[in-house]
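These notes are about the structure you will find just below.
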Amino acid sequence: PLAWIRAGLAHRSLPWAVAVLAVLLSTPSLQVGLQADDYILRMGLTRPPPSPEWARSPWRAFVFDETNVREAIDSGALPWWTSPDLKVAFFRPLAGLTHWLDFRLWPGRPWLMHAHSLLWFGAAVAAAAALYRRLLLPLWSAGLAGRVVALDDAHGLPASWIANRNALIGTLFALLAVLAHDRWRRDGWRPGAVLAPVSLLLGLLGGEIALAGGAYLLAHALFLDDGTPRQRLASLLPAGLAGAAWAVAYRALGFGVRGCGVYLDPIASPREFLDAVVERGPLLLGGQWALPAQVGVMLSPRAARWWWLAACGLALLLSALLAPLLRRDRAARFLALGMVLSLLPACASLPQDRLLLLAGFGGAGLLAQLLAGLADGAGWLPRSRPWRAFASVGGAALAVLHLVLAPVGLTRAAGQVRLVGRVVGRSAESLPSGPDARERSAVIVQTPTAINCFFAAAILAATRGSPPALILVLSPGLEETTLERTGEETLLVRPAGGYFLPPGTRAPGVPPRDIDPRYALPLLDRLFRDDRAWRQGERRDLPGVAVTVTRLTADGRPAEVEFRFAGGLTRPSLVWLRWESWAYVPFEPPPPGTSVTLPSPTARSSKAGVRRRQALAKGSPGVPAVGESSQATKHP
Numbered sequence: 152p153l154a155w156i157r158a159g160l161a162h163r164s165l166p167w168a169v170a171v172l173a174v175l176l177s178t179p180s181l182q183v184g185l186q187a188d189d190y191i192l193r194m195g196l197t198r199p200p201p202s203p204e205w206a207r208s209p210w211r212a213f214v215f216d217e218t219n220v221r222e223a224i225d226s227g228a229l230p231w232w233t234s235p236d237l238k239v240a241f242f243r244p245l246a247g248l249t250h251w252l253d254f255r256l257w258p259g260r261p262w263l264m265h266a267h268s269l270l271w272f273g274a275a276v277a278a279a280a281a282l283y284r285r286l287l288l289p290l291w292s293a294g295l296a297g298r299v300v301a302l303d304d305a306h307g308l309p310a311s312w313i314a315n316r317n318a319l320i321g322t323l324f325a326l327l328a329v330l331a332h333d334r335w336r337r338d339g340w341r342p343g344a345v346l347a348p349v350s351l352l353l354g355l356l357g358g359e360i361a362l363a364g365g366a367y368l369l370a371h372a373l374f375l376d377d378g379t380p381r382q383r384l385a386s387l388l389p390a391g392l393a394g395a396a397w398a399v400a401y402r403a404l405g406f407g408v409r410g411c412g413v414y415l416d417p418i419a420s421p422r423e424f425l426d427a428v429v430e431r432g433p434l435l436l437g438g439q440w441a442l443p444a445q446v447g448v449m450l451s452p453r454a455a456r457w458w459w460l461a462a463c464g465l466a467l468l469l470s471a472l473l474a475p476l477l478r479r480d481r482a483a484r485f486l487a488l489g490m491v492l493s494l495l496p497a498c499a500s501l502p503q504d505r506l507l508l509l510a511g512f513g514g515a516g517l518l519a520q521l522l523a524g525l526a527d528g529a530g531w532l533p534r535s536r537p538w539r540a541f542a543s544v545g546g547a548a549l550a551v552l553h554l555v556l557a558p559v560g561l562t563r564a565a566g567q568v569r570l571v572g573r574v575v576g577r578s579a580e581s582l583p584s585g586p587d588a589r590e591r592s593a594v595i596v597q598t599p600t601a602i603n604c605f606f607a608a609a610i611l612a613a614t615r616g617s618p619p620a621l622i623l624v625l626s627p628g629l630e631e632t633t634l635e636r637t638g639e640e641t642l643l644v645r646p647a648g649g650y651f652l653p654p655g656t657r658a659p660g661v662p663p664r665d666i667d668p669r670y671a672l673p674l675l676d677r678l679f680r681d682d683r684a685w686r687q688g689e690r691r692d693l694p695g696v697a698v699t700v701t702r703l704t705a706d707g708r709p710a711e712v713e714f715r716f717a718g719g720l721t722r723p724s725l726v727w728l729r730w731e732s733w734a735y736v737p738f739e740p741p742p743p744g745t746s747v748t749l750p751s752p753t754a755r756s757s758k759a760g761v762r763r764r765q766a767l768a769k770g771s772p773g774v775p776a777v778g779e780s781s782q783a784t785k786h787p
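Numbering (the working numbering), first residue to last: 152 to 787.
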């Protein structure tokens, strides 16, 4: 049986077979529909756009900057604390063009959009498997590497989420660039000298992930190219010129990141980026091999330090495990350096497994070489019994993770995308909509994260064309919140511990947890503002509402914010809501001179929340609008 397996993995049709396998395992994504950012693409690329501030061209499909941030803040699509100069502008015209075609050719058939993404996914897997066949010996190890890539659960989210197609496009063309470059340098195939830089440029126009293609080209020149040092350096010039042209255009056309607390711009903020590499690099490397990268955002500061140390420890174990292979095999050194360097672009965002498409190419190749060497008794294996025992246990554990458990995660990725979309969809359904929605304002006194409102506004604009005139979030976060009404028009809001608690922390007096998936929710609010200092008295004027920071915490965060509503809190156009059991329910502001304390927005059970929403919808008496555990206090 082992001989048959080896023969099958060495077959020349293996690249296409593993591509088909990857696509088949990802077919649950066909039922996902549009989710989250997909609606933003739909609004921006549909003509005419449902709302002018969302309008985009394929050239600027992934852009939020000063041209539309002010309008989005005034409508509440972006929260009141958004940096005035916020810019999250990605240069992905090729990816934008594919989405533009989707919404032109089959606007009402999301399953065809997902099928379109799966074609890119399958092509990227086939390109990786074809490149392995050129690099790895024995051939069956190349087939095993292709199979590992096809089964990698880290690829599930890009394959299942339409808006993440840019990563698939960038990965495909980056791999084609390396493939063409290898044929040019080692086989003398002259068209490769042109096709490699062209493919790299197309990858960069698809998504920034293609920068990792340059990492593999550099590793190729160092370890696989047989030319002189001068020839090797010269071989990188075409791709270097393509990358430089892209970078110059990126800056000249105004793309980049500014004022955002989630994404970093390595050029504009080099020191912060270097800190992020130290912090996030080990987590991403751990995510490639065994430790899910996104777990880091669910941890307390203490647990996060231990998780980082665990990732560093894993890196040391991997180094010891792979050291004999790296000393003897040039292809292994190429894959290892390319894998490590390809993590650098991913460090500009929060650690997530979905950023590991190109790092996974190097990791899968190394794992296949390790397993094949152990199975064949390769000459590079040390004779030391302790090392062989260590390698056998480590190899078996990695084989189970990447060949047995990973396919399960790949098939479940579509469900994870659908779950996020279901939560956001329920948020949108519970906001005001309909013909008179444009004449009403939704005031959300409490929500775990304002990202819900961002996507809910997009969904309502895309599906019903009628989001509220304003969606105003008073208090985002997980903590209980005190609302004090000091007059007919004024409401003071004081979240326990202040606004925007540091990641992984809770308010004083709240028992902390070392791991809690809810920690990731407030972190999303940093998408809208970086770590710039707040000022007491800082003010934002929105349509009909003046927002003023009246008090700061000891570490400079807002402790209390005043909201002054022109015309009073009870004017008919205001719809007051708060979060309960994954949706917004009605809320009644406290009378003048009183205050009310709301519990954590995630404290209630789902069944209780459903019964409560049903009672409120029917207007049942005896159901207090502020919740059973709220406290109201009269002030003199």
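Glycine included, each C-beta is placed from N, C-alpha and C at the ideal position.
Can you name the start and end residues of the beta strand (DSSP E) that residue i belongs to?
i: Trp457; result: Run containing Trp457: none in the beta strand (DSSP E); it sits in the alpha helix (DSSP H), Pro452 to Arg479.
i: Phe716; result: Pro709 to Phe716
i: Ala697; result: Val696 to Leu703
i: Leu623; result: Leu621 to Val624
i: Trp730; result: Leu725 to Trp730
i: Ser292; result: Unbroken run through Ser292 is the alpha helix (DSSP H), Leu290 to Leu302; no beta strand (DSSP E).
i: Arg636; result: Thr632 to Arg636
i: Tyr735; result: Tyr735 to Pro737
i: Val408; result: Gly407 to Arg409
Measuring straight from C-alpha to C-alpha, what distance separates residue i and residue j?
i: Ala120; j: Asp376; result: Nothing in the structure corresponds to residue 120, since the chain is present only between 152 and 787.
i: Ala366; j: Leu625; result: 45 Å
i: Thr632; j: Ser500; result: 30 Å
i: Ile418; j: Ser386; result: 26 Å
i: Val551; j: Asp303; result: 12 Å
i: Ile360; j: Gly321; result: 6 Å
i: Pro235; j: Ala671; result: 24 Å
i: Thr784; j: Thr748; result: Interpretation of Thr784 is limited by its pLDDT of 42, a score under 50 that renders its predicted location unreliable; the figure taken from the coordinates is listed afterwards. Spanning the two alpha carbons is a distance of roughly 9 Å.
i: Ala744; j: Glu640; result: The residue asked about is misnamed: residue 744 is Gly in this sequence, not Ala. Spanning the two alpha carbons is a distance of roughly 12 Å.
i: Val575; j: Asn603; result: 6 Å
i: Ser420; j: Leu486; result: 29 Å
i: Leu282; j: Ala482; result: 11 Å
i: Arg431; j: Thr721; result: 47 Å
i: Gly357; j: Asn315; result: 11 Å
i: Gly718; j: Pro586; result: 23 Å
i: Gly560; j: Trp167; result: 22 Å
i: Trp531; j: Gly343; result: 32 Å
i: Arg702; j: Phe651; result: 14 Å
Measuring CA to CA, which of the options is closest to residue i?
i: Ser732; options: Thr748, Ala620 and Pro599; result: Pro599
i: Arg157; options: Arg198, Ala296 and Gln182; result: Ala296
i: Tyr401; options: Leu384, Gly438 and Leu355; result: Leu355
i: Trp291; options: Leu521, Pro723 and Gly159; result: Gly159
i: Arg563; options: Leu175, Gly195 and Leu436; result: Leu175
i: Leu492; options: Leu362, Leu693 and Pro742; result: Leu362
i: Phe272; options: Pro244, Ala281, Leu319 and Leu256; result: Leu319
i: Thr218; options: Trp685, Ser535, Thr197 and Ala240; result: Ala240
i: Arg715; options: Val661, Phe606 and Glu635; result: Glu635
i: Pro309; options: Leu270, Ala280 and Ala278; result: Leu270
i: Leu469; options: Asp480, Trp458, Ala441 and Pro663; result: Ala441
i: Asp676; options: Arg539, Leu507, Tyr414 and Ser724; result: Tyr414
i: Leu288; options: Val594, Leu517 and Ala593; result: Leu517
i: Ala697; options: Asp225, Gly438 and Ala427; result: Asp225
Excluding sequence positions up to five away, which residues of its chain have a Cβ less than 7 Å from the Cβ of residue i?
i: Thr753; result: Pro599, Leu629 and Arg669
i: Ala684; result: Gly707
i: Phe406; result: Ala240, Phe241 and Phe242
i: Gly546; result: Leu521, Leu522 and Leu525
i: Leu508; result: His306, Pro309, Ala318, Thr322 and Ile360
i: Ser751; result: Leu629, Glu630 and Glu631
Assuming residue i is part of the alpha helix (DSSP H), what are its boundary residues?
i: Thr562; result: Ala557 to Glu580
i: Leu368; result: Leu362 to Phe374
i: Leu788; result: One cannot answer for residue 788 here, as it falls past the ends of the chain, which runs 152 to 787.
In its own chain, which residues sit with a C-beta less than 6 Å from the C-beta of residue i, not counting the 5 before and 5 after it?
i: Glu689; result: Val700
i: Leu248; result: Pro209
i: Arg484; result: Phe374 and Leu477
i: Leu435; result: Ala444, Leu494, Ala497 and Pro502
What does a CB cutoff of less than 8 Å around residue i pick up in its chain, not counting 5 residues either side in sequence?
i: Leu368; result: Ala328, Val329, His332, Ala347, Leu351, Leu387 and Ala390
Is it a yes or a no for the segment 360-376 touching the segment 324-341, going by three-plus beta-carbon pairs under 8 Å?
-> yes
Is the segment 447-454 touching the segment 667-686 in the sense that three or more CB pairs, one from each, lie closer than 8 Å?
-> Cβ pair count under 8 Å is three or more, so yes.
Would you call the segment 224-235 and the segment 679-688 in contact, with 3 or more CB pairs under 8 Å?
-> Yes, since at least three Cβ pairs between the segment 224-235 and the segment 679-688 fall closer than 8 Å, the two stretches touch.
Is the segment 612-622 close to the segment 645-653, with three or more CB pairs under 8 Å?
-> The segment 612-622 vs the segment 645-653: no contact.
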